[in-house]
Amino acid sequence: MIEDPMDWAFPRIKRLPKYVFSLVNELKYKLRREGEDIVDLGMGNPNMPPAKHIIDKLCEVAQKPHVHGYSASRGIPRLRKAICDFYERRYGVKLDPEREAILTIGAKEGYSHLMLAMISPGDTVIVPNPTYPIHYYAPIIAGGEVHSIPLIYSDENFQEEFLRRLYEIVKTAMPKPKAVVVSFPHNPTTLTVERDFFKELVRFAKENGIWIIHDFAYADIAFDGYKPPSILEIEGAKEVAVEIYSMSKGFSMAGWRVAFVLGNEILIKNLAHLKSYLDYGIFTPIQVASIIALDSPYEIVEEKAKVYERRRNVLVDGLNKLGWKVEKPKATMFVWAKIPEWIDMNSLEFSMFLLREAKVAVSPGIGFGQYGEGYVRFALVENEHRIRQAVRGIRRAFRKLQKGVKKLETERNP
Numbered sequence: 302m303i304e305d306p307m308d309w310a311f312p313r314i315k316r317l318p319k320y321v322f323s324l325v326n327e328l329k330y331k332l333r334r335e336g337e338d339i340v341d342l343g344m345g346n347p348n349m350p351p352a353k354h355i356i357d358k359l360c361e362v363a364q365k366p367h368v369h370g371y372s373a374s375r376g377i378p379r380l381r382k383a384i385c386d387f388y389e390r391r392y393g394v395k396l397d398p399e400r401e402a403i404l405t406i407g408a409k410e411g412y413s414h415l416m417l418a419m420i421s422p423g424d425t426v427i428v429p430n431p432t433y434p435i436h437y438y439a440p441i442i443a444g445g446e447v448h449s450i451p452l453i454y455s456d457e458n459f460q461e462e463f464l465r466r467l468y469e470i471v472k473t474a475m476p477k478p479k480a481v482v483v484s485f486p487h488n489p490t491t492l493t494v495e496r497d498f499f500k501e502l503v504r505f506a507k508e509n510g511i512w513i514i515h516d517f518a519y520a521d522i523a524f525d526g527y528k529p530p531s532i533l534e535i536e537g538a539k540e541v542a543v544e545i546y547s548m549s550k551g552f553s554m555a556g557w558r559v560a561f562v563l564g565n566e567i568l569i570k571n572l573a574h575l576k577s578y579l580d581y582g583i584f585t586p587i588q589v590a591s592i593i594a595l596d597s598p599y600e601i602v603e604e605k606a607k608v609y610e611r612r613r614n615v616l617v618d619g620l621n622k623l624g625w626k627v628e629k630p631k632a633t634m635f636v637w638a639k640i641p642e643w644i645d646m647n648s649l650e651f652s653m654f655l656l657r658e659a660k661v662a663v664s665p666g667i668g669f670g671q672y673g674e675g676y677v678r679f680a681l682v683e684n685e686h687r688i689r690q691a692v693r694g695i696r697r698a699f700r701k702l703q704k705g706v707k708k709l710e711t712e713r714n715p
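Quick look at the structure:
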């Protein structure tokens with residue numbers, strides 16, 4: 302009899318480390334059980350509902366008797382047409398709903414199964430660091446290997462540096478990497494790019510025969526007049542690239558699990574073939590309601606972005622008043638904050654400190670990769686009143702810590 306199930310030979314599972322964020326969550330749940338009021342700015346889980354007419358359509362269609370069976374794995378034709386029409390209106394990109402668009406059960410599932418479809422043991426994928434964890438671990442789960450490229454928030458020339466390192470890896474690594482993964486606006490760093498970055502990336506990928514996967518999860522949450530570009534806007538991009546578009550954030554439909562992989566028909570054809578073995582698609586009423594969402598005036602998305610912008614301003618202005626210098630991001634629902642230099646803690650220790658002393662949950666930067674160390678990520682998923690409460694809690698925690706530091710210095714230097 303095997304006492305520990307992990308004694309079984311599960312090599313893929315053994316390659317996955319303990320999820321760092323679970324350590325923070327365990328303490329958060331413990332404190333809440335003890336009656337503490339925790340302002341949770343950790344997970345990027347939208348706290349606003351979709352527009353009312355979208356929910357109404359879901360409820361209406363769900364009342365029909367014939368919609369409760371299996372649906373279409375690739376997405377019903379009208380939904381695939383709706384996302385293609387949306388892309389043409391929003392980005393001027395023409396897509397074929399039959400060959401260049403597929404529905405996925407959220408961006409995470411779509412990306413993970415795309416990796417499973419295209420990566421074999423021995424293949425390598427280039428991924429930024431820090432990054433959303435599944436970007437790094439999906440190629441590993443598929444049996445591949447990962448080359449990391451540092452994405453340094455404080456580097457004003459991060460785009461040029463990223464491309465330089467990409468050139469170097471592709472030209473020197475054996476075997477040659479099969480794909481490069483990018484995601485802008487970026488989680489967790491909030492970094493953004495312009496079309497010229499994608500133009501050079503597409504040129505290089507075509508010249509060197511590598512695929513590009515662009516996770517466009519934060520396409521719709523941008524501030525101060527910035528409009529995130531789609532990689533598919535670039536001429537020739539569909540020859541080498543797919544883009545993953547999610548309705549989770551901008552449309553506040555995270556729990557609905559609606560996303561799309563768009564672009565290169567070879568990658569989409571193979572993803573569709575794999576998914577035909579794995580799922581029967583998303584509940585039909587959700588798909589119909591998603592059509593209504595995509596066909597709606599874009600103002601329903603812009604209204605959500607304005608809410609995030611106001612929350613961003615409250616948080617960043619509040620932190621800066623405390624002496625914690627943080628820049629305002631141009632996009633995403635996050636704030637990426639460098640731990641103040643006077644605080645001698647790593648990102649996990651600091652996150653635990655904020656939980657215990659400030660009653661604020663944040664994500665430790667190390668959870669996104671080694672180059673995330675020294676930072677924490679705030680998610681703008683509580684209202685402005687609660688964010689002000691979080692800032693007050695951080696102020697109290699900082700004052701308590703500063704008193705402790707001064708006392709220690711006095712004891713060392715009487």
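The working numbering numbers the first residue of the sequence shown as 302 and each following residue consecutively.
All residues carry an ideal CB built from backbone N, CA and C; glycine is no exception.
These figures come from a predicted structure and were not determined experimentally.
>> Tell me which residue opens and which closes the alpha helix (DSSP H) that Phe459 is part of.
In response: Per DSSP, the continuous alpha helix (DSSP H) segment holding Phe459 begins and ends at Phe459 to Thr473.
>> If the criterion is Cβ atoms closer than 8 Å, does the pair Pro478 and Ile511 meet it?
In response: yes
>> I need the DSSP call for Glu446, collapsed to helix, strand or coil.
In response: strand
> Are at least three pairs of beta-carbons, each pair with one atom in the stretch 603 to 616 and one in the stretch 382 to 393, less than 8 Å apart?
Replying inline: no
> Buried or exposed: where does Glu337 fall if 16 or more other Cβ atoms within 10 Å of its Cβ makes it buried?
Replying inline: exposed
> Quick one: what's got a C-beta closer than 8 Å to Arg657's C-beta in the same chain, skipping five residues either side?
Replying inline: Leu328 and Leu332
> Per DSSP, His515 forms a beta bridge with which residues?
Replying inline: Val483 and Glu544
> Where do the N-terminal and C-terminal ends of the alpha helix (DSSP H) with Phe669 fall, by residue?
Replying inline: No alpha helix (DSSP H) holds Phe669; DSSP gives it neither H nor E.
> What residue does the beta strand (DSSP E) around Tyr676 start on, and which one ends it?
Replying inline: Following the DSSP letters along the chain, one finds Tyr676 inside the beta strand (DSSP E) bounded by residues Tyr676 to Ala680.
> Taking buried to mean at least 16 other C-beta atoms within 10 Å of its own C-beta, is Lys353 buried or exposed?
Replying inline: Classification of Lys353: exposed, given that the 10 Å Cβ count is below 16.
> So is Val562 buried or exposed if we call it buried at 16+ other beta carbons inside 10 Å?
Replying inline: buried
> For Leu563, does the three-state DSSP call read helix, strand or coil?
Replying inline: strand
> Excluding five sequence neighbours on each side, which residues of the same chain lie with their C-beta closer than 8 Å to the C-beta of Val682?
Replying inline: Asp341, Leu342, Met344, Gly345, Asn346, Pro347, Asn348 and Met634
>> Is it buried or exposed, Leu579, if we count other Cβ atoms within 10 angstroms and call 16 or more buried?
In response: It counts as exposed.
>> Quick check: the stretch 662 to 680 against the stretch 596 to 611, are at least 3 beta-carbon pairs closer than 8 Å?
In response: No contact exists between the stretch 596 to 611 and the stretch 662 to 680.
>> Closest to Glu462 by C-alpha separation, out of Gly444, Ala439, Met548 and Pro429, would be which residue?
In response: Restricting attention to Gly444, Ala439, Met548 and Pro429, the CA atom closest to the CA of Glu462 is found in Pro429.
>> Classify Pro366: buried if its beta carbon has 16 or more other beta carbons within 10 angstroms, exposed otherwise.
In response: exposed
> First and last residue of the alpha helix (DSSP H) that includes Asn614?
Replying inline: Glu600 to Lys622
> Are the beta-carbon atoms of Leu404 and Pro586 separated by less than 8 Å?
Replying inline: It is not a contact, given that the beta carbons lie outside the stated cut-off.
> Between the beta-carbon of Pro529 and the beta-carbon of Ala542, is there less than 8 Å?
Replying inline: no
>> Quick check: what's the CA-CA separation for Leu464 versus Ala638?
In response: 24 Å
> Across which residues does DSSP place Lys639 in a beta bridge pair?
Replying inline: In DSSP, Lys639 forms a bridge with Tyr676.
>> Considering just the uninterrupted stretch of the beta strand (DSSP E) at Leu417, what are its terminal residues?
In response: Premise fails: Leu417 lies in the alpha helix (DSSP H), Ala408 to Met419, not in any beta strand (DSSP E).
> Are the Cβ atoms of Ile532 and Ile513 separated by less than 8 Å?
Replying inline: In this structure, Ile513 lies closer than 8 Å to Ile532 by Cβ.
> If you draw a straight line from the alpha carbon of Gln588 to that of Gly564, how long is it in whole angstroms?
Replying inline: 20 Å
>> Contact defined as beta carbons within less than 8 Å: I believe Ala560 pairs with Ser547. What is the distance between those atoms, to the nearest angstrom?
In response: 4 Å
> Exposed or buried, Ile314, counting other C-beta atoms within 10 Å across all chains shown (16 or more means buried)?
Replying inline: exposed
> Helix, strand or coil for Asn430 per DSSP?
Replying inline: strand
> From what residue to what residue does the beta strand (DSSP E) around Ile587 run?
Replying inline: Careful: Ile587 lies outside any beta strand (DSSP E), inside the alpha helix (DSSP H) at Thr585 to Asp596.
> With a cut-off of 8 Å, do at least 3 Cβ pairs link the stretch 697 to 706 to the stretch 481 to 489?
Replying inline: no
>> Short of 6 Å in beta carbon distance, which residues of its chain neighbour Ala698, apart from the five on each side in sequence? Order them along the chain.
In response: Residues Glu658 and Ala659 of the same chain have their beta carbon placed closer than 6 Å to that of Ala698, with the five preceding and five following residues left out of the count.
> From what residue to what residue does the beta strand (DSSP E) around Ala402 run?
Replying inline: Ala402 to Thr405
> Helix, strand or coil: how does DSSP classify Asp357 here?
Replying inline: helix
>> On the criterion of 16 or more Cβ atoms from any shown chain inside 10 Å, does Ser421 qualify as buried, or is it exposed?
In response: exposed
>> Runs of 3 residues minimum, wholly inside the stretch 312 to 398: which ones carry the beta strand (DSSP E) assignment?
In response: none
> Going by the beta-carbon positions, is the gap between Glu414 and Ile427 smaller than 8 Å?
Replying inline: The identity of residue 414 in the sequence shown is His, whereas the question assumes Glu. No, these two residues do not count as a Cβ contact at 8 Å.
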